[in-house]
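> In mature numbering (1 follows the signal peptide of the UniProt record, and there is no 0), the protein residues as written are -18 to -1, 1 to 142.
Questions regarding the structure given below will be posed in turn.
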């Protein structure tokens, strides 16, 4: 019985921490977002934080700085870039980033699964609708993207 309760507690603990993809520092207007590529098996591993095809997304207050902590927890290489528009592009380069420095290294080739986390910082501009997309060819079109909305009314960042 103790083993069952222990395992159930671990499962619940894992679920609680998995939901914590955003932290806010209102004083410095900085949102720290965690982006886990290939988390779980949803969409064959083509996902961010278990979400794909824009079903979920980050909301960031306009003018804030974003500290994106990117980790590839999947099996295949992945990357991340914030792009303009509502649908992913067929081919993505650093020039397609909606904000200066809003992308990980090795954008087209991807970062290998199990690599150390990579942190990038960028400042978001005015309110608008964007996407956080994997830059590895075919991944974005395969559904590896989540929304990235810059809001003129949000007081804190979130992942919904």
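We put the CB at the ideal spot given by N, CA and C, even for glycine.
Nothing here was measured: the structure is a model prediction, and the numbers come from that model.
Report the CB separation of residue 20 from residue 60 in whole angstroms; it is logged as a contact under 8 Å.
About 6 Å; that satisfies the 8 Å criterion.
> According to DSSP, is residue 144 part of a helix, a strand, or is it coil?
In the structure displayed, the chain extends from -18 to 142; residue 144 sits before or after that span and is not available.
> Would you call residue 50 buried or exposed, if buried means 16 or more other Cβ atoms sit within 10 Å of its Cβ?
Result: buried.
> The beta strand (DSSP E) spanning residue 14 covers which residue range?
Start and end: 12 to 19.
> Please give me, in chain order, every unbroken run of the beta strand (DSSP E) with length at least 3 that falls completely inside the region 69 to 129.
100 to 105, 110 to 115, all fully within the region 69 to 129.
> Report the residue from 87, 131, 56, 29 whose alpha carbon sits nearest the alpha carbon of residue 108.
For residue 108, the nearest C-alpha among the options comes from 131.
> Let me know the secondary structure DSSP gives residue 34 once reduced to three states.
Residue 34: coil per DSSP, three-state reduction.
> Pull up the distance between the alpha-carbon of residue 18 and that of residue 110, whole angstroms please.
In a straight line, the C-alpha of residue 18 is about 23 Å away from that of residue 110.
> Please classify residue 86: is it buried, with 16 or more other beta-carbons within 10 angstroms of its beta-carbon, or exposed?
Flag for residue 86 reads buried.
> Select from 22, 67, 118 the residue whose C-alpha is nearest the C-alpha of residue 56.
It is 22 whose Cα lies nearest to the Cα of residue 56.
> Take residue 138 and list the residues in its own chain whose beta-carbon comes closer than 6 Å to its own, dropping the five residues that flank it on each side.
Contacts found: 6.
> Since residue 65 and residue 78 should fall inside the 8 Å C-beta cutoff, what is the C-beta to C-beta distance between them, to a whole number of angstroms?
Residue 65 to residue 78, Cβ: 5 Å. Contact.
> Please confirm whether residue 40 and residue 129 have their CB atoms less than 8 Å apart.
It is a contact, given that the beta carbons lie within the stated cut-off.
> Report the three-state DSSP secondary structure of residue 45 (helix, strand or coil).
Of the three classes helix, strand and coil, the one that applies to residue 45 here is coil, per DSSP.
> Name the DSSP beta bridge partners of residue 53, please?
According to DSSP, residue 53 bridges with 18.
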